[in-house]
Amino acid sequence: MEKYWHVLNIGLQNTMVYRLNFLFRATFGLIPLIAIISVWRAIYEGKAGGQVASYGLSQMISYYLVITIVDALTAVTEDDWQIAADIKDGNISQFLLKPMDYLTYRLCLFGAGRIVYAVFAVVPTCAFIWLLRDNFILPPDAATACWFAVSVALTALLQFLFSFTLALLAFWVLEVATFIFIAFAFEYLAGGHLFPLDLLPPAVAGALDYTPFPYMLFFPVSIWLGRVTGDALWLGLLVQLLWVVAAYALARGVWNRGIKKYSAVGG
Amino acid sequence: MSSEFKVQSSTSSGASPPPARIPHYLSLYAALWRNSVIREMSFKVSFLMWIVVEALWFVLQLSFIGVLYLHTESIGTWTKWQVVALVGTSHLIQQLFTALFLTNLTALSEHIRTGKLDFMLLLPVNTRFLVSFRQVDLGGFISAAGALCVIGYALHRLGHTPGVAQVAGFFLLVLVGILIHYSLMLMLSASSFWTVRAQGIVWGYYNLFNIARLPDEAFRGPFKAVFTFVLPMLLVSNVPVKLLVDKLGSPFEILLLVALAAIIFAASELLWRTALKRYTSASS
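Quick note, the sequences are listed as chains A and B, same order. Numbering-wise (our numbering), the first sequence opens with residue 8 and increments by one. Numbering-wise (our numbering), the second sequence opens with residue 1386 and increments by one.
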């Protein structure tokens, strides 16, 4: 296990190089966030009841703010490109020789990247949330906050495994970028990035429940907002866990097949 | 040296430029086009896949509007199909910009980092011309055609047939919008003359595109002021659509858009010259 601590450590040091970049990213990321909140405000002003599909204005604004938090903690940014490049350039050959598991290695780097990003994103994000504090809803109680944390951890794993598997396509195709963008587009909608999924027509939202996408973002946010409680919470966490296990199995399977197919560049 | 670009781009026949200048640059551009077509056609699958990616993101934006309007009648005074036309116009401008400029401008920081810019400076062509027009991304034109179809359909659903002057004005303003995006992006890319690590430029700019497709009435306060008067994202696609669907408050808005485009273009030229003056190549 100790060797992976070193990986994490190296990962932390490496990503620290990009700290300014992260700070900018987090700050500029607020621009579309402000935009979407403004649009919702305009919509709520034209609404007599002050409700859109059981969301009040504060809930709606909080939804997007919590998305920003979950995103900072779980989103895969560079990792998939690096994995694909590692395969394409033949860099993974060394991992086949070393007593180091590539998936775990990558997971450590992903974790390190998220930690550094979160540390630097926390300033602009918190400042922004403070500005909107009148409309910011905290989790209803401490237990909910804990379950939110658990769900975020599972979301991070799911995000990572999903991107990892997708990047492994580089074993078979030359350019994975298009696949990554297509998958990202699906996830953007079906994960709830654009709007809360219960705004969709019930049939569509119901169908999405059978995919892993809602568990990649929407589910933890719903926990925070206190919209999932009791049995639904347990069931949701269980389903999320099952998706993580399934994604792990898939990632392992694809890796094993890919390695068989792999012939290093120049070798 | 970059003043040549201005001569090339202005249609007035001044006394100073050599007579063959504009045809010369046109034939150069034609050659660059030919190159791009050949390059694209050698990666056919990837070419098609990128069109799919772009189309998917476009559908995503449209479905967002669709879902919003499941729950509301209007955003400010903007009705559903007006916003669809807006999203379409924003996409049209963005795709034409992508087709003509995006790859070229984002490659600039790489040219500076690797010192390839030295080579471009030595060529007997205006450098800004070469940096801006080197490559054409043909997929962008196909996506732009898709955007035009969506705008047309939105107009049909609005039951609105714009006049010839409106349509002509619309396309002129779309060109002005492309000019704004081009100038802003050139300035952003030129920042890599100062900081070699200018990654995230595309990403940063993508955030701005995001605003351009939203109705201006949703915004107020300092945010609206900044994105109207400094980075006119709330004008770029809003004004042409307003002209097209008879929504324009006053002709002043068109004037503002055109004036800001001129100012931003001049600023980009100024920055470009300053940047080139202090350029000392990669290894020195």
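Backbone N, C-alpha and C fix where the C-beta goes; we use that ideal spot for every residue, glycine too. Just so you know, these numbers come straight off a predicted model, no measurement behind them.
Determine the closest residue to residue i out of the options, with distance taken between C-alpha atoms.
{"i": "residue 31 of chain A", "options": "A/189, A/245, A/132, A/47", "result": "A/132"}
{"i": "residue 44 of chain A", "options": "B/1477, B/1453, B/1628, B/1439", "result": "B/1453"}
{"i": "residue 47 of chain A", "options": "A/241, A/65, A/98", "result": "A/65"}
{"i": "residue 1472 of chain B", "options": "B/1537, B/1548, B/1647, B/1549", "result": "B/1537"}
{"i": "residue 1518 of chain B", "options": "B/1489, B/1625, B/1502", "result": "B/1489"}
{"i": "residue 224 of chain A", "options": "A/70, A/266, A/146", "result": "A/70"}
{"i": "residue 209 of chain A", "options": "B/1655, B/1627, B/1455", "result": "B/1455"}
{"i": "residue 83 of chain A", "options": "A/242, A/119, A/230", "result": "A/119"}
{"i": "residue 53 of chain A", "options": "B/1664, B/1458, B/1637", "result": "B/1458"}
{"i": "residue 15 of chain A", "options": "A/221, A/117, A/67", "result": "A/117"}
{"i": "residue 200 of chain A", "options": "B/1430, B/1445, B/1431", "result": "B/1445"}
Rounded to whole angstroms, what is the Cα-Cα separation between residue i and residue j?
{"i": "residue 1606 of chain B", "j": "residue 190 of chain A", "result": "37 Å"}
{"i": "residue 150 of chain A", "j": "residue 247 of chain A", "result": "18 Å"}
{"i": "residue 1623 of chain B", "j": "residue 1603 of chain B", "result": "12 Å"}
{"i": "residue 75 of chain A", "j": "residue 142 of chain A", "result": "15 Å"}
{"i": "residue 110 of chain A", "j": "residue 171 of chain A", "result": "8 Å"}
{"i": "residue 1491 of chain B", "j": "residue 1407 of chain B", "result": "26 Å"}
{"i": "residue 77 of chain A", "j": "residue 127 of chain A", "result": "14 Å"}
{"i": "residue 1594 of chain B", "j": "residue 1442 of chain B", "result": "13 Å"}
{"i": "residue 39 of chain A", "j": "residue 202 of chain A", "result": "13 Å"}
{"i": "residue 155 of chain A", "j": "residue 162 of chain A", "result": "10 Å"}
{"i": "residue 1640 of chain B", "j": "residue 179 of chain A", "result": "53 Å"}
{"i": "residue 1531 of chain B", "j": "residue 1493 of chain B", "result": "29 Å"}
{"i": "residue 219 of chain A", "j": "residue 250 of chain A", "result": "6 Å"}
{"i": "residue 1482 of chain B", "j": "residue 1521 of chain B", "result": "10 Å"}
{"i": "residue 213 of chain A", "j": "residue 1504 of chain B", "result": "58 Å"}
{"i": "residue 255 of chain A", "j": "residue 1474 of chain B", "result": "42 Å"}
{"i": "residue 1523 of chain B", "j": "residue 1480 of chain B", "result": "10 Å"}
{"i": "residue 1608 of chain B", "j": "residue 92 of chain A", "result": "39 Å"}
{"i": "residue 18 of chain A", "j": "residue 8 of chain A", "result": "16 Å"}
{"i": "residue 1543 of chain B", "j": "residue 1468 of chain B", "result": "11 Å"}
{"i": "residue 258 of chain A", "j": "residue 176 of chain A", "result": "11 Å"}
{"i": "residue 112 of chain A", "j": "residue 105 of chain A", "result": "11 Å"}
{"i": "residue 1398 of chain B", "j": "residue 1410 of chain B", "result": "Low per-residue confidence applies at residue 1398 of chain B: pLDDT is 40, beneath 50, and the placement is therefore not dependable enough to give any value."}
{"i": "residue 1390 of chain B", "j": "residue 1588 of chain B", "result": "Only weak support exists for where residue 1390 of chain B lies, its pLDDT of 42 falling under 50; the value from the coordinates is given anyway. Straight-line Cα distance between these residues: approximately 28 Å."}
{"i": "residue 1659 of chain B", "j": "residue 35 of chain A", "result": "26 Å"}
{"i": "residue 20 of chain A", "j": "residue 115 of chain A", "result": "12 Å"}
{"i": "residue 1515 of chain B", "j": "residue 186 of chain A", "result": "32 Å"}
{"i": "residue 1418 of chain B", "j": "residue 96 of chain A", "result": "31 Å"}
{"i": "residue 1414 of chain B", "j": "residue 1562 of chain B", "result": "22 Å"}
{"i": "residue 167 of chain A", "j": "residue 1434 of chain B", "result": "24 Å"}
{"i": "residue 274 of chain A", "j": "residue 98 of chain A", "result": "No answer about residue 274 of chain A holds up, because its pLDDT of 47 lies below 50 and its placement is not dependable."}
{"i": "residue 194 of chain A", "j": "residue 41 of chain A", "result": "22 Å"}
{"i": "residue 1470 of chain B", "j": "residue 1626 of chain B", "result": "7 Å"}
{"i": "residue 1611 of chain B", "j": "residue 1465 of chain B", "result": "26 Å"}
Tell me the DSSP bridge mates of residue i?
{"i": "residue 1463 of chain B", "result": "B/1460"}
{"i": "residue 1538 of chain B", "result": "Bridge partners of residue 1538 of chain B: none, in fact."}
{"i": "residue 59 of chain A", "result": "A/62"}
For the alpha helix (DSSP H) that contains residue i, what are its first and last residues?
{"i": "residue 1659 of chain B", "result": "1637 to 1662"}
{"i": "residue 101 of chain A", "result": "100 to 104"}
{"i": "residue 1609 of chain B", "result": "1606 to 1610"}
{"i": "residue 166 of chain A", "result": "149 to 174"}
{"i": "residue 1571 of chain B", "result": "1549 to 1575"}
{"i": "residue 188 of chain A", "result": "184 to 197"}
{"i": "residue 238 of chain A", "result": "237 to 268"}
{"i": "residue 93 of chain A", "result": "86 to 96"}
{"i": "residue 43 of chain A", "result": "37 to 52"}
{"i": "residue 1421 of chain B", "result": "1406 to 1426"}
{"i": "residue 9 of chain A", "result": "9 to 23"}
{"i": "residue 1623 of chain B", "result": "1623 to 1629"}
{"i": "residue 1511 of chain B", "result": "Taken as a continuous stretch (DSSP letters only), residue 1511 of chain B belongs to no alpha helix (DSSP H), as it is neither H nor E."}
{"i": "residue 217 of chain A", "result": "Where residue 217 of chain A is concerned, there is no enclosing alpha helix (DSSP H), given that its DSSP letter is neither H nor E."}
Determine the burial state of residue i: buried for a count of at least 16 other Cβ atoms within 10 Å of its Cβ, exposed for fewer.
{"i": "residue 12 of chain A", "result": "exposed"}
{"i": "residue 1484 of chain B", "result": "buried"}
{"i": "residue 1634 of chain B", "result": "exposed"}
{"i": "residue 1395 of chain B", "result": "Low confidence applies to residue 1395 of chain B: its pLDDT is 41, below 50, so where it sits in the model is not reliable enough to give any reading."}
{"i": "residue 239 of chain A", "result": "exposed"}
{"i": "residue 1386 of chain B", "result": "At residue 1386 of chain B, the pLDDT of 40 sits below 50, so the modelled position is not reliable; the number obtained from the coordinates is stated separately. Exposed, since its Cβ has fewer than 16 Cβ neighbours within 10 Å."}
{"i": "residue 137 of chain A", "result": "exposed"}
{"i": "residue 1400 of chain B", "result": "The predicted position of residue 1400 of chain B is uncertain, since its pLDDT is 43 and thus under 50; a value taken from the coordinates is nonetheless stated next. Exposed, by the Cβ-count rule."}
{"i": "residue 227 of chain A", "result": "buried"}
{"i": "residue 1541 of chain B", "result": "exposed"}
{"i": "residue 264 of chain A", "result": "exposed"}
{"i": "residue 33 of chain A", "result": "buried"}
{"i": "residue 59 of chain A", "result": "buried"}
{"i": "residue 1539 of chain B", "result": "buried"}
{"i": "residue 1439 of chain B", "result": "buried"}
{"i": "residue 1420 of chain B", "result": "exposed"}
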